[in-house]
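Colleague: In the numbering used here, the protein residues as written are 6 to 237.
Just so it is clear, CB atoms sit at the ideal spot from N, CA and C, and this is done for glycine as well.
Quick caveat, the model's predicted, so the values are computed rather than measured.
Before we start, here is the structure in question, set down as structure tokens.
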Amino acid sequence: MTDPFKSGPDAYAAAKSQLLDAYRFRHAVKDFDPARQVTAADFDFILEAGRLSPSSYGFEPWKFVVVQNPQLRSKIAVHAGGARRQLASASHVLLVLARLPHDMTADSDYISYMLSDVQRLPQEISDMKRRTYDTFLRTGFALQGNERAMFEWACRQTYLALGNMMTAAAMIGIDSCPMEGFVKHEVERVLAEEELLDPDHFGLACMAAFGYRAGEPTEKTRRSVDEVVEWR
């Protein structure tokens, strides 16, 4: 990857401009052009942006499920009133799963796997990180023992990956729409029946659609910088 800081001020300015242009381009598209499909290479690029995303302690409490089967999309749409248009028209539909609380405790098999097999930490460092993480769960954010809070915290991690995937898509001219307009337990039931979600380890955090807009969106609106940023 070219480092714009080492490539001179022109490349640095171009990188900044490209990123802001992508944010200006991105809209929550409701209706996609079903005739236009995202290529496999481009969607692999989007997924890689998610895989490389940051997470608290680097524990990656997510799984990405790509749903291309029209019949399965229709089953999901029954319980996803806020996503029916996107499910019917998007090139790609992504379901973002989050780890359940028992997988995210400091002494879980999953955390042990992450420390030893994925992060490949020496035993002494692994033990220290596990203790630090346990303290964070118990007294830092005080999540331990509150299953709802633990799950929502895992979901917040998945949104980092989702945001990066939507930005990556916008960088190459692909539209997206994040979606929460669904009945969580019903969609989870459908996914479990289809063996796409292990209810012992995952819950549904959110969905996202990717493709190409069918028409031009309305003007993007945001509050002014003075309203959202305060300096002291």
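1. Start and end of the beta strand (DSSP E) containing R104?
2. With distances taken between CB atoms, is the gap from F215 to A27 smaller than 8 angstroms?
3. Cβ of S131 within 8 angstroms of Cβ of V34?
4. Within the continuous beta strand (DSSP E) that includes L209, where are the two ends?
5. Terminal residues of the continuous alpha helix (DSSP H) containing D132?
6. What first and last residue would you give for the beta strand (DSSP E) that runs through M184?
7. Does the structure place the segment 95-109 close enough to the segment 151-169 that three or more beta carbon pairs sit under 8 angstroms?
8. Roughly how many angstroms separate the alpha carbons of L99 and S22, rounded to a whole number?
9. Within this structure, are the beta carbons of D36 and G220 separated by less than 8 angstroms?
10. Quick check: T110 and L142, are their CB atoms within less than 8 angstroms of each other?
11. Give a yes or no on whether the C-beta atoms belonging to M212 and F187 are separated by under 8 angstroms.
12. Check each candidate in R135, A174, R194 and L201 and name the one with the smallest Cα separation from V43.
13. Do you know whose CA, among Q128, T140 and G178, lies nearest L24's CA?
14. Is the distance from the Cβ of L148 to the Cβ of K134 below 8 angstroms?
15. When you compare only the Cα positions, how much space is there between D49 and R237?
16. Could you tell me which of Y138, G87 and A210 sits nearest to K68, measuring between CA atoms?
17. Could you pull out every unbroken beta strand (DSSP E) segment of at least 3 residues lying fully inside the segment 34-85, listed in chain order?
18. Are there 16 or more other CB atoms within 10 angstroms of the CB of L102, so buried, or fewer, so exposed?
19. Taking only the alpha-carbon atoms, compute the straight-line gap between E65 and K225 and give it to the nearest angstrom.
Modeller: According to the data block:
1. H97 to R104
2. no
3. no
4. F207 to G216
5. Q128 to T140
6. First-last of the beta strand (DSSP E) with M184: D180 to M184.
7. As far as the Cβ criterion goes, the segment 151-169 touches the segment 95-109, which means the pair count is three or higher.
8. If you take the alpha carbons of L99 and S22, they lie about 28 angstroms apart.
9. Cβ distance < 8 angstroms, so D36 and G220 count as in contact.
10. yes
11. yes
12. A174
13. Here the closest residue by C-alpha is G178.
14. no
15. D49 and R237: Cα-Cα distance of roughly 42 angstroms.
16. A210
17. 67-72
18. buried
19. Each residue's Cα considered, the two are about 32 angstroms apart.
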